[in-house]
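In the UniProt record's numbering, the protein residues as written are 1 to 205. A virtual CB, placed ideally from N, CA and C, is assigned to each residue, including glycine.
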Amino acid sequence: MSTRDFRRKPPETTAYVLDVLPYGDPIRRINHPLVQCIGEEKLILMELRPLVSTPPMLKPGEKINLMDSLESQILSFERVIKYSDLSSTARNNLRDVLVMLVREHDKRFVDFFNRAQPLSKRTHELELLKGIGKKTLWKILEERRKKPFESFEDIEKRIGIDPVKLIVERVIEELKEPQTRYLFVRPLRWYTPEEERWREGRWQR
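Written out as structure tokens, the structure reads:
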């Protein structure tokens with residue numbers, strides 16, 4: 001899918017509100033209301049534009065449906081944005097919203113701890129989470145061989161780490177700076193058919 005396709009429809013079907021800017025963004029010379037949000041599945045940062053004169057009463061953390069819903073009739077997808085485009089309020093809300101999102105999709109993120117694989121002979125995907133060194137890595141691998149992790153609480157009890165915090169910090173890192181390897185964010189770019197099949201298969205395992 002090309003970049004043009006994303007201009008016609010949002011790259012995500014649902015998103016969580018980070019901030020509502022009723023007067024737009026004067027720094028970027030945008031003088032109409034904006035809603036900054038993060039996608040539920042791909043964790044893409046987006047801006048929406050209200051189609052009504054009065055911006056809808058949305059609160060940070062509120063989940064909105066961008067397809068075939070009341071919200072989609074009053075909010076139009078405007079653009080994909082970078083972390084640096086977020087308002088200070090959106091940045092302040094991002095961590096709390098991500099904690100809520102990660103907990104709501106606990107199975108998806110717990111599965112990461114069960115399925116993460118080596119990147120090379122020396123590096124493992126799990127080590128990309130800040131706070132996981134070799135000692136913790138081997139403990140995770142040993143524990144999941146005994147029995148797959150069932151919940152965040154299970155991981156915390158058996159490993160002694162806060163998995164939600166580690167995931168959220170990694171997501172923020174992936175949003176802030178380009179990464180050689182993305183674990184959770186699915187940035188917009190062109191993938192070869194082989195890459196796309198690998199990514200889709202890995203995400204849905």
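From the options, residue whose alpha carbon lies closest to that of residue i
i	options	result
D68	K42, P60, I81 and E12	E12
R108	S120, E143, P163 and S88	P163
R28	C37, S87 and L75	S87
I74	M57, T89 and K135	M57
T14	K147, L48, P22 and V20	L48
P187	V35, K42 and V20	K42
R115	T89, P148 and L66	P148
P60	E125, Y16 and I161	Y16
L103	D25, Q36 and V168	One detail in the question is off: residue 103 reads as Arg in this sequence, not Leu. Ranking the options by Cα distance to R103, first place goes to V168.
Extent of the continuous beta strand (DSSP E) run through residue i
i	result
N65	K63 to N65
S76	L75 to V80
R49	L45 to P50
L34	L34 to G39
Residue i and residue j closer than 8 Å at C-beta
i	j	result
R181	L119	yes
residue 207	I38	Because residue 207 is not part of the residues shown, which for the chain are 1 to 205, the question remains open.
D96	F152	no
V52	V35	no
K139	I155	no
Q117	E127	no
Nearest-angstrom beta carbon gap, residue j and residue i [assumed within contact, 8 Å]
i	j	result
V185	E174	4 Å
P33	P10	Not a contact, Cβ separation roughly 17 Å.
F113	R144	7 Å
L94	I172	7 Å
L166	G131	6 Å
Any chain C beta carbon closer than 8 Å to residue i
i	result
A15	Among the chains of the structure shown, chain C does not appear; only one protein chain is present.
Where residue i falls: helix, strand or coil (DSSP)
i	result
Y182	coil
D154	helix
I161	coil
K107	helix
P11	coil
P26	helix
Bounding residues of the alpha helix (DSSP H) (the contiguous stretch that carries residue i)
i	result
A90	S88 to E104
T14	Unbroken run through T14 is the beta strand (DSSP E), T14 to L21; no alpha helix (DSSP H).
I140	K134 to K146
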